[in-house]
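To start, the structure under review is shown below, and the notes come after it.
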Amino acid sequence: MRIARVLITRDQIARRVEELGHRIAADLLASGAGEPGVEPRVVLIPILTGSLVFAADLIRHMPVQMSIRPVTISSYPGTSTTSQGATIEGGLPTDLAGRHVLIVDDILDSGRTLGLLRRVIEAQRPASLRIAVLLNKHKPQGRDEHVEVEYSGFHIADEFVVGYGLDYDGLWRNLPDIGVLDGVGGKGEGPGV
Ligand code: IMP
Ligand code: MG
52 MRIARVLITR DQIARRVEEL GHRIAADLLA SGAGEPGVEP RVVLIPILTG
102 SLVFAADLIR HMPVQMSIRP VTISSYPGTS TTSQGATIEG GLPTDLAGRH
152 VLIVDDILDS GRTLGLLRRV IEAQRPASLR IAVLLNKHKP QGRDEHVEVE
202 YSGFHIADEF VVGYGLDYDG LWRNLPDIGV LDGVGGKGEG PGV
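Residue numbers (our numbering): 52 to 244.
Okay, here's the thing in structure tokens:
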């Protein structure tokens with residue numbers, strides 16, 4: 052299997068992630084959150100494994116005092132490229148009441164993953180709750196679940212992408228660019244397309 056096409060280069064990603072980090076940090080500080088030693092604290096929740104690379108880069112552009120509490124959510128194991136429903140597998144903090152929470156994920160697709168996490172975190176009554184995704188996939192038919200997302204890095208077409216943390220069957224996460232695999236998922240799937 053090979054990359055058919057690079058969709059977003061590492062340089063484009065780096066520039067956008069820096070912009071996003073600064074913007075989110077400025078918004079947090081403007082709402083009185085994230086100053087050193089000030090409570091309630093900022094809690095960043097990266098969704099594993101897909102947001103590993105994005106979160107690692109993003110936090111280094113956020114001059115904000117924060118704790119980091121990753122959560123593992125699985126949606127579609129193996130070679131499936133459509134959501135089979137989301138399950139929280141571990142790591143969900145239970146002490147978010149009154150805190151400023153930022154959820155970080157690689158991509159908003161069907162909306163099930165972020166919809167689920169947003170609901171369970173909102174139930175804890177945080178002081179604020181924001182979501183940052185690197186990629187926001189355009190769904191002409193609508194999402195399975197509508198989710199408010201405060202920060203999106205790039206809007207992309209409805210096709211299956213890998214790299215910069217995103218996988219196909221567990222592989223390709225370490226690719227520095229974001230690309231489309233030859234013959235996998237999305238609009239390009241199937242013979243002769
Ligand atoms: P959801 O469909 O919005 O729940 O997205 C769930 C998860 O599916 C995302 O966090 C990604 O890990 C993964 N995902 C969705 N679209 C893609 C894609 O195009 N490539 C790789 N992973 C994806
Ligand atoms: Mg994911």
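Here a beta-carbon is modelled for each residue, glycine too, at the ideal position from N, C-alpha and C. This structure is a prediction, so every number in the text was calculated from the model and none was measured.
- Task: Can you give me the Cβ contacts of V200 inside the same chain, cut-off strictly under 6 Å, excluding the 5 residues immediately before and after it?
- Result: L159, I182 and V184
- Who are the Cβ neighbours of L99 in its own chain at under 8 Å, not counting the five residues just before and after it? Here the set comprises P121, V122, T123, I124 and G142.
- Kindly list the residues whose CB is nearer than 7 Å to the CB of E69, restricted to its own chain and excluding five residues on each side of it in sequence; keep chain order. H112
- Of all the beta strand (DSSP E) runs that stay within the bounds of the region 137 to 176, which reach a length of 3 or more residues? 138 to 141 and 151 to 159
- Using 8 Å as the Cβ pair cut-off and three pairs as the minimum, do the region 52 to 59 and the region 78 to 86 touch? With fewer than three CB-CB distances shorter than 8 Å, the region 52 to 59 does not count as touching the region 78 to 86.
- Message: Under 8 Å: does the beta carbon of I54 sit that close to some heavy atom of the ligand IMP?
- Response: no
- 9 Å Cβ cutoff met for Y215 and D157: Against a cut-off of 9 Å, the Cβ pair of D157 and Y215 comes out as a contact.
- Message: For S126 and R163, which I take to be in contact (beta-carbon distance under 8 Å), what is that distance rounded to the nearest angstrom?
- Response: 7 Å
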